[in-house]
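In the numbering used here, each residue carries its 1-based index in the sequence shown increased by 30.
In this text, a Cβ means the ideal position worked out from N, Cα and C, and glycines have one as well.
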Amino acid sequence: MRMSRLLLKTLREPPADADLPSHQLLLRAGLITPLAAGIYCFTPVGWRVIRRIEAIIREEMDRSGAQEIHLPALHPIELWEQSGRDKSMGDTLFRLSDRKERGFALGATHEEAVSFLASRTIQSYRDLPVTLYQIQTKFRDEQRPRGGLIRLREFTMKDAYSFDADWEALDESYRLAFEAYTRIFQRAGVPVVPVEADSGAIGGKDSQEFIFLTENGEDEILLCPGCGYAANAEKADFAKPPAVAGTAAPLEKVATPDRKTIAELSGFLDIDARQTAKAVFYRIDGEPVFVTIRGDLDVNEIKLKNVLKATELEPMDDGMVRAAGLVAGYASAIGLKGMKIVADPSAVDAVNLVAGANEVDFHFRNVNYGRDWQADLVAEIALARRGDACAKCGAALETRRGMEMGHVFKLGTMYSEAMGVQYLDDSGERHPVVMGCYGIGVERMLAAVIEENHDANGIIWPTDVTPYDVHIVALNLEQATVQETVTGIEAALDAAGLTALIDDRGDSAGIKFKDADLLGIPVRLTISPRALERGGIEVRERRSGATEIVAIEAVVAKVREILARS
Ligand SMILES: [Zn+2]
31 MRMSRLLLKT
41 LREPPADADL
51 PSHQLLLRAG
61 LITPLAAGIY
71 CFTPVGWRVI
81 RRIEAIIREE
91 MDRSGAQEIH
101 LPALHPIELW
111 EQSGRDKSMG
121 DTLFRLSDRK
131 ERGFALGATH
141 EEAVSFLASR
151 TIQSYRDLPV
161 TLYQIQTKFR
171 DEQRPRGGLI
181 RLREFTMKDA
191 YSFDADWEAL
201 DESYRLAFEA
211 YTRIFQRAGV
221 PVVPVEADSG
231 AIGGKDSQEF
241 IFLTENGEDE
251 ILLCPGCGYA
261 ANAEKADFAK
271 PPAVAGTAAP
281 LEKVATPDRK
291 TIAELSGFLD
301 IDARQTAKAV
311 FYRIDGEPVF
321 VTIRGDLDVN
331 EIKLKNVLKA
341 TELEPMDDGM
351 VRAAGLVAGY
361 ASAIGLKGMK
371 IVADPSAVDA
381 VNLVAGANEV
391 DFHFRNVNYG
401 RDWQADLVAE
411 IALARRGDAC
421 AKCGAALETR
431 RGMEMGHVFK
441 LGTMYSEAMG
451 VQYLDDSGER
461 HPVVMGCYGI
471 GVERMLAAVI
481 EENHDANGII
491 WPTDVTPYDV
501 HIVALNLEQA
511 TVQETVTGIE
521 AALDAAGLTA
531 LIDDRGDSAG
541 IKFKDADLLG
551 IPVRLTISPR
561 ALERGGIEVR
571 ERRSGATEIV
581 AIEAVVAKVR
591 EILARS
């Protein structure tokens, strides 16, 4: 491809509104152009990289035995009503209607659509196992699209779904998908760690995320240096410090003037935070919920949402707090009426806690569960934090930021039961199919490739995803020897199955070199009168910056050598 004809507009300066390195470089290298919040156009070079990432995914999915299909993006809303996700997806689901006012949704994901297909095609145990995948556009009305290609409203996803006769067979399908993912991320140059992930309100069994560890990630990951346990903070288990022991003493009201926080309260009474009860108020699916947990712990809002099978969770607003008669800073579940009370076992099992008296400037001492208060639901809702003890080995957990690159999930029979995906076993008995699902975001993968592979001058593409193998900078192209050499090298590369981008523009060498670094193609060949005088072509490896003059007939071999290690 000749750059003089290529639709490409590089930028000298990083755009002001781009924070992440990948976002800045995608814009500076001219790979994408925003159309609206979370919606991007891809230019020819950007699209070539997307196609290469898709090719890696396709090859590895095919290698794992999965079969490619294509499902529609436009779904009758009844499909989503059947699974109940028209409600649980909330406002994330894009909804529209046709000219006859019939409801439709744009596919945010495809469990429903693939289940429909499976229900029409899978009949007997002989049809199982099967794993289907597609690489297709998804639409999600994200509240906060961000980070260039990190969180989009329209994006491409490789989504795969496995169908098995039972959970044991699913284990094998899951393992194959897991291995395919490991190869995909390795080839794309994105280092990932598998971590235990939240399965969401719908349940399911195992769920793991492939996390790219980066300071710019929006997920918090807890890692155990002792045993290697790794989990998303949303899901992470930990060993809570033991409660302070004792025997239940009589309830006693104490004045605690202006001591609203756990720190203020425990300092004033000279007690450990473990001897207090913390109260947190939420509005969950529109209803007030009172949550209590031991004072040294925090509430994990995702776990809370899951135990309540809720869709929306937000802090209770002042109006609701006042209407409920809650006294912020002095609230407890003692005598509380008119709202659901959820408690972590830490608050239930501890004796003689200090908890609010539901009266300004007063607390109770010696508060005990059962005698003084009750909960509607007792469930594990504590948040694991840096320094907490690992549930498996006791070592102090560490935290890292990360970005979710892929997700593998044992769904079970939730969708097959809702959507009627059944098979007949060898004795003619009908069973729901056991499903798994597996996703990778393609644009996010592109962003992560750049986050991991760049320097101050630009992108450094790994060989498997680079838009072109070789970047040829031609200088003094008006000279016949340069022109002939460019044509000769182009033909030699083509014959070797290598692709080249040729900078034949009339710009200065400085501009061409800057653009070459920015575009990040693994090998740069400079064809100039000076290099030819010195005996050949200047070969420069983008990643190391190493430069040498290579004789023309040896250039293809040299290019191959660099690509093999890039
Ligand atoms: Zn551990």
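- Remark: C-beta atoms of F320 and A309 approach each other more closely than 9 angstroms.
- In the displayed model, D499 falls within coil according to three-state DSSP, outside both helix and strand.
- Taking 9 angstroms as the cut-off, the Cβ atoms of M465 and S94 do not count as close.
- Judged by DSSP in its simplified three-state form, W197 adopts helix.
- Nearest neighbour of G400 by Cα position, chosen from G424, G368, I364, turns out to be I364.
- DSSP places D92 inside the alpha helix (DSSP H), whose first and last residues are 74-93.
- In this structure, I332 sits away from E248, with a CB-CB distance that is not shorter than 9 angstroms.
- Bounds of the alpha helix (DSSP H) holding M475 are 472-482.
- Within the same chain, and ignoring the five residues on either side of D288 in sequence, the residues whose Cβ sits closer than 8 angstroms to its Cβ are E294, D391.
- Taking the Cα positions, G540 is about 14 angstroms away from L549.
- Of I165, V479, T151, K440, the smallest CA-CA separation from T139 is found for I165.
- Taking a C-beta distance under 9 angstroms as the contact criterion, A421 and Y259 qualify as a contact pair.
- Contact between the region 459-475 and the region 80-92 is present: 3 or more CB-CB pairs across the two stretches fall below 8 angstroms.
- Under the three-state reduction of DSSP output, S34 falls in the coil class, being neither helix nor strand.
- Annotation for C420 indicates a beta carbon within 8 angstroms of some heavy atom of ligand 1.
- Secondary structure of E591 (DSSP, three-state): helix.
- In its chain, beyond the 5 residues on either side, W491, T496, P497, Y498, D499, V500, H501, L531, R572 have a beta carbon closer than 8 angstroms to the beta carbon of I551.
- Under DSSP, P106 shares a beta bridge with F134.
- Looking at T212, E142, Y70, R150, the one whose alpha-carbon comes closest to that of D116 is E142.
- For T306, there is no enclosing beta strand (DSSP E), as DSSP gives it neither H nor E.
- When secondary structure is reduced to three states using DSSP, T511 falls in the helix class.
- Pairing L356 with L343 gives a Cβ-Cβ distance that is not under 9 angstroms.
- Between L57 and G178, the C-beta gap is smaller than 9 angstroms, which places the two residues in contact.
- Segment contact: the region 258-273 against the region 439-455, fewer than three CB-CB distances shorter than 8 angstroms; contact not assigned.
- Distances from the CA of E459 to each of D236, Y155, R129, T493 were compared; the closest alpha carbon is that of Y155.
- Look at the beta carbons and you see the region 168-177 touching the region 103-122: at least three pairs across the two are nearer than 8 angstroms.
- With respect to I519, I567 sits close: the two C-beta atoms are nearer than 9 angstroms.
- In this structure, DSSP gives H53 a helical state, which the three-state scheme calls helix.
- Counting only unbroken stretches of 3 or more residues, the beta strand (DSSP E) elements lying wholly within the region 254-330 are 260-262, 282-285, 307-314, 317-324, in sequence order.
- A Cβ-Cβ contact shorter than 9 angstroms links E410 with V337.
- Counted as a single uninterrupted DSSP element, the alpha helix (DSSP H) harbouring S145 occupies residues 141-151.
- Looking at the backbone, the Cα of Q404 and that of T443 are separated by about 35 angstroms.
- Distances from the alpha-carbon of M33 to those of G575, N388, D533 put D533 closest.
- K440 carries a strand assignment under DSSP once its states are collapsed to helix, strand and coil.
- When distances are taken from the beta-carbon of C71 to the heavy atoms of ligand 1, even the shortest one reaches 8 angstroms or more.
- In the displayed model, M449 falls within a helix according to three-state DSSP.
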